[in-house]
Amino acid sequence: MHRITGLTLSPHYGASKLRWCLDHVAEVRAAAAQSRLRAGPLASYLLHRLLEKRPLLADASTAARTLLWSPFTRDWSQELLELFGIPRAILPRATGTSHAFGTLVVAGRRVPLNTCNGDQSVVPFAAGPLDYDAAYVNLGTGAFVLRPTTDALRAPPLLTSVIRADQEHCDFVLEGSVNGAGAALAWLERHQGAAADRLLALLDRAPLADEDAPFFLNGVAGLASPFWRPDFESRFVGEGSDLQQCRAVLESVAFLIKANLDEMARHRPAPARLVASGGLAGNRLLCRMLGSLADTPVDRSNDREATSRGPACLVAGMPAEFRGPPVERFEHEPRLLARYLKWLGLMREASGDD
């Protein structure tokens, strides 16, 4: 699966869901038998319903999340279509993310639609043209780290994704995924009865390290890259106060991102900086942790509209003068590596990844 798609096998992607519908939904089976069925990503449905000529198209970024499309050929994979038993004829035509998709008619005005992309994929463009020397970290319910490359690298256990494509050029990223970021703080509230918002406020300007804090082995919502253990049991190792446990959860997010950056370093040079965005990036301590572990400055954007600003940059043609909001820089503080190495040993032991 990874060889063809750059992804790991997961029920989150579209292929297995489409197969289930073909097997179990009578209306879908009937439409397929009558050659009336069309299926694809949600973005394809929206393009079809909203654009004047009702095209059947799938941009590269969302097509890539079906487990049926290959970033290495930039087309649907015949091998995977046969594996899942999905006829190519029911799928939309694959295009780039920058493409003349069609025309929107809004309040009597005709507006050309030239960009269609995934929300995660556009975040790196919110501050302007892509910086190939940076790694982009988004910290929300989950977290991800993207390392841009102009080549489609096969780099398991990391994912390979397309974030922009047109007829002449394609931008790829090595992608690391963390399922439990904000979701891990919600887990803390449910399981420990802790008020995460209050604790985060107390930790915002706390010292970088607390050697007496417990470790949190974070598999909330499934342990993603680079370990890939969907049934991993989240737990604390050691005792601590509510504040120390909240710190340990924050620390685990930074540690998981560090583990993904270490995997990326096997294929790409270490980034010259991290660009942090998303709701959890509002916590200064977490940004300082990331800078300490990555041994590089962290530029934190306070932009709450990155997924709107990113497409604006792409539609404008990525002009060099395009700029996002001002950023706050956190310089490297070398005081967290020893705790990371101890945590990593605990994670490897717990996940059976010795």
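Per this note's numbering, the sequence shown runs over residues 4 to 357. The beta-carbon is built from N, C-alpha and C at its ideal position, and this holds for glycine as well.
Identify whether residue 19 lies in helix, strand or coil by the three-state DSSP scheme.
helix
Alpha carbon to alpha carbon, what distance is there between residue 242 and residue 346?
15 Å
Of the choices 315, 250, 259, whose alpha-carbon is the least far from that of residue 213?
250
Member of 23, 189, 327, 131 whose CA lies at the smallest distance from the CA of residue 223:
189
The region 306–320 / the region 124–136 touching (three or more Cβ pairs under 8 Å)
yes
Which one of 172, 161, 194 has the shortest CA to CA distance from residue 179?
161
Which residues bound the alpha helix (DSSP H) around residue 7?
Unbroken alpha helix (DSSP H) run through residue 7: 5–8.
Give me the Cα-Cα distance between residue 220 and residue 356, rounded to the nearest whole angstrom.
14 Å
Pull up the distance between the alpha-carbon of residue 177 and that of residue 158, whole angstroms please.
It is roughly 8 Å from the alpha-carbon of residue 177 to the alpha-carbon of residue 158.
Three-way DSSP call (helix, strand, coil) for residue 135 in this model:
coil
Supposed contact pair residue 100 and residue 167 - C-beta distance, whole angstroms, cut 8 Å
5 Å
Measure the C-alpha to C-alpha separation of residue 257 and residue 55 and round it to an integer number of angstroms.
If you take the alpha carbons of residue 257 and residue 55, they lie about 46 Å apart.
Pop quiz: residue 47 and residue 95 are said to be a contact at Cβ under 8 Å. What is the actual Cβ separation, rounded to whole angstroms?
5 Å
Does the Cβ of residue 293 lie closer than 7 Å to at least one heavy atom of the ligand MG?
Ligands displayed in this structure: none; no statement on the ligand MG is therefore possible.
Using the Cα positions of residue 25 and residue 31, report the straight-line distance between them to the nearest angstrom.
6 Å
Three Cβ pairs or more, each shorter than 8 Å: is that satisfied between the region 129–142 and the region 318–332?
Short answer: they touch.
What are the uninterrupted segments assigned as beta strand (DSSP E) that are 3 or more residues long and contained completely in the region 189–236, given in chain order?
Here the runs fully enclosed are 218–220.
Validate contact between the region 82–97 and the region 196–206 using beta carbons, cut 8 Å, 3 pairs:
no
Does DSSP put residue 27 in a helix, in a strand, or in coil?
helix
Can you tell me the Cα-Cα spacing of residue 111 and residue 51, whole angstroms?
19 Å
Take residue 102 as the anchor and find which of 116, 109, 108 has the nearest alpha-carbon.
116
Under the DSSP definition of a beta bridge, which residues are partnered with residue 332?
302
If we call anything under 8 Å between Cβ atoms a contact, is residue 332 one with residue 302?
yes
Among 336, 147, 183, 8, nearest to residue 81 - alpha-carbon criterion
8
Could you compute how far the alpha carbon of residue 138 sits from the alpha carbon of residue 205?
28 Å
Assign residue 112 to one of three DSSP states: helix, strand, or coil.
strand
Do residue 235 and residue 217 come within 8 Å of each other at the CB atom, strictly closer than that value?
no
Out of 4, 6, 11, state which residue places its alpha-carbon closest to the alpha-carbon of residue 230.
Of the candidates 4, 6, 11, the one whose C-alpha sits nearest the C-alpha of residue 230 is 11.
Could you name the residues that DSSP lists as bridge partners for residue 150?
177
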